[in-house]
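Counted the way our numbering counts, the sequence shown spans residues 913 to 1059. Cβ coordinates follow ideal geometry from the N, Cα and C atoms, glycine included. First the structure, in the form of structure tokens, and then the observations on it.
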Amino acid sequence: MDESLLQECKDDFALLIEAGFVAVKQLDETSARRLFTAAEMLNPESTAAQIGLGYIALNKLEVSEATTTFEAVLEKEPENHLAQAFLGICFLLKKTTRKKGEKLLEEAKAATEDATIKNLCEVCETWVEKDLKKMKAPFFSGEEEKE
């Protein structure tokens, strides 16, 4: 492959990642996977593609897979606040790990300067307070589920 063409493709790495997230939002998993895989091939050292693949799993509520992916990213980059926030969301989805999720989101929000990540954490905090802590199982006949 021509070296200048390869460099041109590498320069588009961020666009591939962004396009992958857009594809996830449009529920186009096939395109999202292809875009994240292409980005990973261009820059295997970056965790951005892994976060994208974890995001696909999270959107499909494949919580175990998403959790494993975000934990792997954090092992490589402990200060990756987006992966930390997404991992916190994974933990929120299971009652047994909800407190851990709240803590991760709180820590990510406090540590990041990124307004988008801060907003994600705030939305999740509101979700916890307004919905998750008040959720009732249908088989409890109107009685609030005990923690």
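- For the region 950-1025, the continuous alpha helix (DSSP H) assignments of 4+ residues that do not extend past its boundaries occur at 960-971, 975-988, 993-1004 and 1010-1023, in sequence order.
- Excluding sequence positions up to five before and after Asn-992, its CB lies within less than 8 Å of the CB of Thr-959, Ile-963, Val-985 and Leu-986, all in the same chain and listed in chain order.
- The alpha-carbon of Asn-971 is positioned some 8 Å away from that of Val-936.
- Residue burial annotation: Lys-1021 is buried, with at least 16 other C-beta atoms found within 10 angstroms of its C-beta.
- Taking the C-beta atoms as reference points, Phe-933 is found no nearer than 8 Å to Gly-966.
- With fewer than 16 other CB atoms across the displayed protein chains lying within 10 angstroms of its CB, Thr-1008 is exposed.
- Put simply, the backbone Cα of Glu-977 is about 10 Å away from that of Ile-968.
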